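Participant: Protein sequence lines, in the order shown, are assigned to chains X, W, E and H. Using this note's numbering, the letters of the first sequence correspond one by one to residues 1 to 422. Using this note's numbering, the letters of the second sequence correspond one by one to residues 1001 to 1422. Using this note's numbering, the letters of the third sequence correspond one by one to residues 2001 to 2422. Using this note's numbering, the letters of the fourth sequence correspond one by one to residues 3001 to 3422.
4 protein chains.
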Amino acid sequence: MTEDLRIEKVGQCIFSSPLDSAVFITDSEGVLIDATLSGCERCQGEPASLEMAGPREKIFFKPETSRAALVTCGGLCPGLNDVIRAVVMVLWYRYGVKEILGLRYGYEGLIASFNHEPLVLNPELVEDIHRDGGTILGTSRGPQDPTLMADFLSERKIDMLFTIGGDGTQRGALAITREIEKRGLAISVIGIPKTIDNDISFTERTFGFETAVAMSQIPITGAHMEAKGVRNGIGIVKLMGRESGFIAAYATLASSDVNLVLIPEIHFSLEKVFAYLEERIVRKRHAVIVVAEGAGQEHVPAEGTDASGNKKLGDIGLFLKAAITEYFSRRKIPAAVRYIDPSYTIRSAPATPEDSVFCFQLAENAVHAAMSGRTGMVVGIWNGHFVHIPIRLSVKDRKKIDTSGLLWQSVLDNTGQPRNLA
Amino acid sequence: MTEDLRIEKVGQCIFSSPLDSAVFITDSEGVLIDATLSGCERCQGEPASLEMAGPREKIFFKPETSRAALVTCGGLCPGLNDVIRAVVMVLWYRYGVKEILGLRYGYEGLIASFNHEPLVLNPELVEDIHRDGGTILGTSRGPQDPTLMADFLSERKIDMLFTIGGDGTQRGALAITREIEKRGLAISVIGIPKTIDNDISFTERTFGFETAVAMSQIPITGAHMEAKGVRNGIGIVKLMGRESGFIAAYATLASSDVNLVLIPEIHFSLEKVFAYLEERIVRKRHAVIVVAEGAGQEHVPAEGTDASGNKKLGDIGLFLKAAITEYFSRRKIPAAVRYIDPSYTIRSAPATPEDSVFCFQLAENAVHAAMSGRTGMVVGIWNGHFVHIPIRLSVKDRKKIDTSGLLWQSVLDNTGQPRNLA
Amino acid sequence: MTEDLRIEKVGQCIFSSPLDSAVFITDSEGVLIDATLSGCERCQGEPASLEMAGPREKIFFKPETSRAALVTCGGLCPGLNDVIRAVVMVLWYRYGVKEILGLRYGYEGLIASFNHEPLVLNPELVEDIHRDGGTILGTSRGPQDPTLMADFLSERKIDMLFTIGGDGTQRGALAITREIEKRGLAISVIGIPKTIDNDISFTERTFGFETAVAMSQIPITGAHMEAKGVRNGIGIVKLMGRESGFIAAYATLASSDVNLVLIPEIHFSLEKVFAYLEERIVRKRHAVIVVAEGAGQEHVPAEGTDASGNKKLGDIGLFLKAAITEYFSRRKIPAAVRYIDPSYTIRSAPATPEDSVFCFQLAENAVHAAMSGRTGMVVGIWNGHFVHIPIRLSVKDRKKIDTSGLLWQSVLDNTGQPRNLA
Amino acid sequence: MTEDLRIEKVGQCIFSSPLDSAVFITDSEGVLIDATLSGCERCQGEPASLEMAGPREKIFFKPETSRAALVTCGGLCPGLNDVIRAVVMVLWYRYGVKEILGLRYGYEGLIASFNHEPLVLNPELVEDIHRDGGTILGTSRGPQDPTLMADFLSERKIDMLFTIGGDGTQRGALAITREIEKRGLAISVIGIPKTIDNDISFTERTFGFETAVAMSQIPITGAHMEAKGVRNGIGIVKLMGRESGFIAAYATLASSDVNLVLIPEIHFSLEKVFAYLEERIVRKRHAVIVVAEGAGQEHVPAEGTDASGNKKLGDIGLFLKAAITEYFSRRKIPAAVRYIDPSYTIRSAPATPEDSVFCFQLAENAVHAAMSGRTGMVVGIWNGHFVHIPIRLSVKDRKKIDTSGLLWQSVLDNTGQPRNLA
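(1) Among residues of its own chain, excluding the 5 on either side of Met-1052 (chain W), which ones have a beta-carbon nearer than 8 Å to its beta-carbon?
(2) Ordered along the chain, which non-local residues of its own chain (more than five positions away) have a Cβ less than 7 Å from that of Glu-2064 (chain E)?
(3) Are Leu-3161 (chain H) and Val-3090 (chain H) closer than 9 Å when you measure CB to CB?
(4) For a quick check, are the C-beta atoms of Pro-146 (chain X) and Glu-108 (chain X) less than 9 Å apart?
(5) If contacts are defined as beta-carbon pairs under 8 Å, then Thr-3375 (chain H) and Lys-3009 (chain H) qualify, I think. What distance do you get, rounded to the angstrom?
(6) When you compare only the Cα positions, how much space is there between Phe-3319 (chain H) and Gln-3217 (chain H)?
(7) Below 7 Å between beta carbons is the criterion; list the residues of the stretch 273–304 of chain X that meet it against any residue of chain W, in chain order.
(8) Under the three-state reduction of DSSP, which class applies to Met-2215 (chain E): helix, strand or coil?
(9) So what does DSSP say about Ile-14 (chain X), is it helix, strand or coil?
(10) Counting only the same chain and skipping the five closest in sequence on each side, list residues whose C-beta sits under 7 Å from that of Phe-3202 (chain H).
(11) Grab me the residues of Val-2290 (chain E)'s own chain with a C-beta within less than 7 Å of its C-beta, minus the 5 sequence neighbours each way, in chain order.
(12) Note the first and the last residue of the continuous alpha helix (DSSP H) segment covering Met-2149 (chain E).
(13) Is the beta carbon of Tyr-339 (chain X) sitting closer than 9 Å to the one on Tyr-1339 (chain W)?
(14) Does any residue of chain E bring its CB to less than 9 Å from the CB of Met-3001 (chain H)?
(15) How about Glu-210 (chain X) and Asp-82 (chain X): do their beta carbons lie closer than 9 Å?
(16) How is the beta strand (DSSP E) around Leu-2101 (chain E) delimited, first residue to last?
(17) Here's the rule I'm using: 16 or more other beta-carbon atoms within 10 Å means buried, otherwise exposed. How should Tyr-1093 (chain W) be labelled?
(18) Consider the Cβ of Tyr-107 (chain X): report whether some Cβ of chain W lies at a distance smaller than 9 Å.
(19) May I have the straight-line CA-CA distance separating His-3241 (chain H) from Pro-3342 (chain H), to the nearest angstrom?
(20) Excluding the 5 residues preceding and the 5 following Leu-3412 (chain H) in the sequence, name in chain order all residues of the same chain whose CB lies nearer than 7 Å to its CB.
(21) So what's Tyr-1339 (chain W) in DSSP terms, helix, strand or just coil?
(22) Quick check: Leu-362 (chain X) and Ala-86 (chain X), are their CB atoms within less than 9 Å of each other?
(23) Ordered along the chain, which non-local residues of its own chain (more than five positions away) have a Cβ less than 6 Å from that of Arg-42 (chain X)?
(24) Would you call the stretch 300–312 of chain X in contact with the stretch 132–147 of chain X, where contact means no fewer than 3 C-beta pairs closer than 8 Å?
(25) Please go through the same chain and pick out, in chain order, the residues whose beta-carbon is closer than 6 Å to the beta-carbon of Thr-195 (chain X), but skip the five residues on each side of it.
(26) Could you list which residues in chain X have their beta carbon closer than 9 Å to that of Cys-3040 (chain H), in chain order?
(27) Is the shortest distance between the beta-carbon of Arg-3231 (chain H) and the beta-carbons of chain E less than 9 Å?
(28) Would you identify the three-state DSSP class for Phe-2319 (chain E), choosing helix, strand or coil?
(29) Could you pull out every residue in the same chain whose Cβ sits closer than 7 Å to the Cβ of Gly-317 (chain X), ignoring the five residues on either side in sequence?
(30) Where do the N-terminal and C-terminal ends of the alpha helix (DSSP H) with Ser-3038 (chain H) fall, by residue?
(31) Closer than 6 Å by C-beta to Ala-175 (chain X): which residues in its own chain qualify, once you throw out the five before and the five after it? Chain order, please.
(32) With 16 as the cutoff for other CB atoms within 10 Å, does Ile-1333 (chain W) come out buried or exposed?
(33) Mind listing the chain W neighbours of Arg-441 (chain X)? Cutoff is C-beta to C-beta under 7 Å, in chain order.
(34) Mind checking who Ala-68 (chain X) pairs with in its DSSP beta bridge?
(35) Compute the distance between the beta-carbons of Cys-2073 (chain E) and Gly-2172 (chain E), then report whether it is under 9 Å.
(36) Sort X:His-224, X:Gln-44 and X:Met-149 by Cα distance to Lys-157 (chain X) and report the nearest one.
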């Protein structure tokens, strides 16, 4: 295994796992990064692989004397409560860890001066929380001082910290890991990547993504009906996707009502977009546009950064609404533009059943990883297996749509839009 | 019956109804406007009543030689396709009218110069349209010249016109009725009132309203989760309701997650609203606000009128979002305000099952009214019975929430907000 | 007011209502039973009316020293938790009653020997229960000894009992009322009628009914797809409706996919049904049948009575499935019959938004009635107003579909089935 | 590549693909069957792989002169119409194939004597069919004579046949392939595996499965509410799964309300099941059971075979209902058992959004395979890539749950049931 893919551990596993598991995963098992035949041939017998997730026969923490904590950071995402619930259930029932703290309001909850008293979590309290969207722990944006957070963990005698959040959150988790290491403490920090945009490297899918695709169907159908309901109607739906257009692409494939998708991965000129739209409107009298929030940022003024340090995106949805209205008015073609921004409704929804299952499995594997003393890593799924990914690797690049690949080709076929809009 | 409540007819009914109906309604039957005991006592034996709707034994139009037309006007509303479908089905199968035209894009479809060729409607074409929101006929805003519209009806030999739209549309229908009368033509004009706001006088319920209440639950729950997901989160949902707050009120009662409802019928000062919000935020750390689009217009600049002649409302939702953010910032209380405007998604939805039933029944009664030669009227439901309402009466006043009545009291109890916010 | 319609009270109202209500209803206000003009003429100035529900200015029970109890009986029905929640909320917040007991498992909960300790109810406990179907109190079938139940009420110092259940339950409530009266106790017994079938006299609508109609759409659509998916497919859906076919009728109108509806109110011969089906199958190659559980009982053997004393119905759904299969096989016409019985899934569902609003309003009015010392009555809605109905009247007859009326005519038009199948 | 995994072709590809694709897949590309590190080590540089699906640069059929046909066989499954729609869209718009026949009622549609005239398919006709469950083509069970089916294909000049169905259907497709081969015809036969049970070898997921898991949540929640609504309530839900318990397992993980899952892969004694149930009922007063239809067949009498030659399963759901009722009655513990069989409602539902996307992608790859002259194969997804699987391999074994693996362990943890019930 290359250095880059190695998973760190806080110490030697000496306790026997209490799991009545019929199967334990050995530490040497891995999942090939490239499962194609050509990839296999190129690797010459030393294929790159990710450590396989799952329960270990020997564990590092003694369950009855260990204390775990969870924190949720950043924006809402479907499935947060599913993950919280499953982490608690698996710690409690499978391993026998009975001290579990829910830290409040993101990383603020690890800063003593905020005085956010943690929730004491147990199965009864979390039993039904997965029926609701949101997070029972609350969340906040932005980093906090890793030394203060390490102080908190050490004062509260926390042995395992589960950080549920996006790449900013996982960078914070890595900073905590380093600080803990410096102090010679044995605290596991395990991340569960939360990105509704599905743009984390080395994980095929992130929780909440599928729900987001499902929930986007209602506004897209609405936009379609609005567009068809008037002469030359144009419905625009803005969906999540800061740097990757996965939600926009899958929502389009699921709907089959969309005529133009704009994503961050492609550049487009307004002239080309307008020309395509005009041709379509003249021919069909209506059109539906899906635009990812991060698309076409060269056309809109930037707006600084938010508390998490993310660049604040210009509002491409409102921009398109105004620009398209203006274009058709200039061309003296009557047109009615309707704009829908369903983001809050989508991200605050409870998880779909399949997403719930995925949350359960992610959380299980995060707990196995923590119990075995792993740290500085996130859990993911790759080539159909749950895996461990070093944080430094998972935050290095974002996963993006390959616009010369098959997924984007499917989208082009589905919408009928030209490949080249630049 | 007082003059005001009398229903006009285009002529004497001489044909026998082809209906195999076990029951026909006699023309003298009515529904009391006031069904309370005290109302009955006050009326001294001459109670005001609305003509009861339903099939008549004698009809005016000979089905096999009659031609009907439908038009949908104004904004989308759940149930439009249900109404279109049911009018076609009842004309075709019950009465045997086989010439039915669907006029395109609102009243534009009655102006020859627009060249919108009507759709020829039949059962096969409309069979499944009720599964979709929107309107297969398309719609447009704004009035058209009644003389040109009467020309169209007479040139196309249309005997019955069904006008599906709001009060502007029904005023237009009345103008057409007058023009037809002047020309001595025997064309029935029957309105089916479409107001998602449920604000038509003398009808307890309008189609689409119930669906709107149901569909508003998703964004309200989303706002609730967003508000609870952060410290001092405030979720704002703007719902339909230009002059009446029925959707906001019922959506609040259905949800039980709302802490403040603002409707057009109440005046409120920003100071009182802010003070209540601050108190709630300090106590509970989150709040959910539902605001009807027509509420608090004294606080926002007006924006002219739309093509239908409706006053364009200032955007109270965006205004509140900014004003509340500014208030808490001034008060140095960290707060996160999330604003959701789900209007297009709500109004473009297909009807709920109960709403579908209601659409079917409204349409049936509209057809009965037309076949019996009635004109210048709309159908509605009052005290549990379907009734005929003269257009001039139905557009006179809007139905509003009585803020000293029981419904508003229920809302106050449900939210806990103060009665007096002025 | 005729004797029959008079509402009993346990005593004189001497306390001032704590409600900050802008409106109180006077005891003399009523709602006309017949709101038609002809009914009004017939009554000669002395119209029969039901007492109007709503808050009274003077109340009988002193809130701070009163104790209330709720019980849910019989089968599940959507909205039970909504009603429980709203009764608790209104008692607690509007009147200040802070002692509220939830009796467990139906009338068993009023029999000391069962040892079902009541739940102590408060706003926090009931806050979110309306999101779930079922009843948090549990339920059971069958009557219990009224003297033992009166003992329980008096020993537990209960002042108000809310009985949520069907007509058997309300008969039980009347027996308790009589026993209490005999003992000279001042305990209010207020019923909230629970019949998913919507078959209670003098109330236009019962809670859960609308949800049942909505939930029945999924299996009906499924049956439609199953029927169309094979050659000569016949889908049968059995819906609730022991003696009245309201759910079957409204579900049919909402769906518009049904070709034959069989309800308890009509008699049908199997020959006529088979002949109609064969004609349809030959012509269209598929058919959908909705049958109310109480329909065609003359064709199936009876099966005794259940614990509530209700006649156990023969299973007309399974019977039809077998009989139709056998008929087509005899006629040598290949046919595939698919049978769906969705009853448990429907009745255990949470209430739709409109049904939730209705539950809230029913519960509010039940509390007003109890606080004002009324007893031996149920709340209902009539001609658009909430009303008080003496139990003895509400259980006298069941509301049924008038098969020579307009509703049934609409159903016949919708399905195309012959009026006479006998 | 081993012989077993080789994909057959009807001839040499000589035409250039009309696809404006930025990427073509080369014929030598494959997807490793085992993507784990240990698997890779064992294979010693010659890993077994499946041919990768996707568009080829050279194709066999000339689009403008080719004719395609589709057939759907066996029971309904969510997504059938999505697959039909996508095959038509991709053939028509991407390749320019304009002659597409929809064969009616399964393999009957390929037998001339049935006289089922094919539907002529085009984009307009299929545009909205994916909103409905079922199949617009109709289906039937059972095999037909391959020589007669080959006659039909050859007489109708069909070049490509898409067979959408389960393993019986694909065996039929293989028989057709052999017959065509014998006659020296160049007709591609491409299967799209349809098994709601998700039990096809070498494909991680089959269409309809995810929808089935999602749709099963409503009856499971209903069973839960029914069980909790009475004292000692036991809710039983029977789900699909003839030989594999994937739906039951995933539905359980998604719900987290289930206390016992019984699947075909495990043996259980009734004594052990009863003992566990009694213990749970005494402790918790309610229980929810999910049983796959193929579970516990040793306890129920077999019932012959159906038209497809599948063994007709004994009804384990009804059996358990009776047996459990009897057991508790014998133990003199009052208990109420409610049984729900939602199968038809689940399998006739329209696909969820994610399932729709999957159907689109499967269909695309099936079309690519056919156009390149492949035959005797089905499309699937393996280790995250779409692949070609020889029919003989895909029908050899069924995919089953490994009861000593991680998925089953998750289920045991989720329900709390004992691992060993035998």
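For every residue, glycine included, the Cβ atom is placed at its ideal position computed from N, Cα and C. Please read these numbers as outputs of a predicted model, since none were measured by experiment.
Facilitator: In short:
(1) Here the set comprises Ile-1025, Glu-1029, Gly-1030, Val-1031, His-1385, Phe-1386, Val-1387 and His-1388.
(2) Leaving aside the five residues that flank Glu-2064 (chain E) on each side, the residues in its chain whose CB is nearer than 7 Å to its CB run, in chain order, Gly-2096.
(3) Their beta carbons are not under 9 Å apart, which means Leu-3161 (chain H) does not touch Val-3090 (chain H) by this criterion.
(4) Contact flag unset, no.
(5) The pair is a contact, with the Cβ atoms about 7 Å apart (cut-off 8 Å).
(6) Near 22 Å, if we compare the C-alpha coordinates of Gln-3217 (chain H) and Phe-3319 (chain H).
(7) Taking a C-beta cut-off of 7 Å against chain W, none of the residues of the stretch 273–304 of chain X qualify.
(8) In this structure, DSSP gives Met-2215 (chain E) a helical state, which the three-state scheme calls helix.
(9) Correct three-state label for Ile-14 (chain X): coil.
(10) Leu-3050, Gly-3380, Trp-3382, Ile-3389, Leu-3393 and Ser-3394.
(11) Excluding positions up to five away in sequence, the list reads Ile-2220, Val-2237, Leu-2239, Ala-2248, Ala-2251, Thr-2252, Val-2258 and Val-2261.
(12) That run of the alpha helix (DSSP H) goes 2146–2155.
(13) Contact annotation: Tyr-339 (chain X) and Tyr-1339 (chain W) have beta-carbon atoms that are not nearer than 9 Å.
(14) Residue confidence for Met-3001 (chain H) is low, a pLDDT of 46 falling below 50, so the modelled location carries little weight; the figure read from the coordinates is stated next. Output row for Met-3001 (chain H): interface = no.
(15) Not a contact, by the Cβ cut-off of 9 Å.
(16) Looking at the DSSP string, the run of the beta strand (DSSP E) that includes Leu-2101 (chain E) is 2099–2102.
(17) Residue environment analysis places Tyr-1093 (chain W) among the exposed positions, since fewer than 16 neighbouring C-beta atoms fall within 10 angstroms of its C-beta.
(18) Not one beta carbon of chain W lies nearer than 9 Å to the beta carbon of Tyr-107 (chain X).
(19) For the sequence presented, residue 3241 (chain H) should be read as Gly rather than His. Going by the C-alpha atoms only, they are around 13 Å apart.
(20) Arg-3419.
(21) DSSP places Tyr-1339 (chain W) in strand when its eight states are reduced to three.
(22) Leu-362 (chain X) is a Cβ neighbour of Ala-86 (chain X), given a cutoff of 9 Å.
(23) Spatial neighbours of Arg-42 (chain X) in its own chain (CB-CB distance under 6 Å, excluding positions within 5 residues in sequence) are not present.
(24) Using a C-beta cut-off of 8 Å, the stretch 300–312 of chain X makes contact with the stretch 132–147 of chain X, since at least three inter-stretch Cβ pairs fall below that distance.
(25) Cβ neighbours of Thr-195 (chain X) beyond the five flanking positions: Gly-166 and Thr-206.
(26) The answer, in chain order, is Gly-30, Leu-32, Cys-40, Cys-43, Gly-45, Pro-47 and Ser-49.
(27) Judged by the 9 Å Cβ criterion, Arg-3231 (chain H) is in contact with chain E.
(28) Here Phe-2319 (chain E) sits in helix by DSSP.
(29) Only Ile-236, Lys-238, Val-291, Tyr-339 and Asp-341 meet the Cβ criterion.
(30) Ser-3038 (chain H) -> alpha helix (DSSP H) spans 3037–3043.
(31) So the list reads Pro-146, once near-sequence residues are dropped.
(32) It is exposed - the Cβ of Ile-1333 (chain W) has fewer than 16 other Cβ atoms within 10 Å.
(33) Given that chain X is displayed from residue 1 to residue 422, the structure contains no residue 441 (chain X) and the question cannot be resolved.
(34) Beta-bridge partners of Ala-68 (chain X) (DSSP): X:Ile-100 and X:Met-160.
(35) Closer than 9 Å, so yes.
(36) For Lys-157 (chain X), the closest of X:His-224, X:Gln-44 and X:Met-149 by C-alpha to C-alpha distance is X:Met-149.
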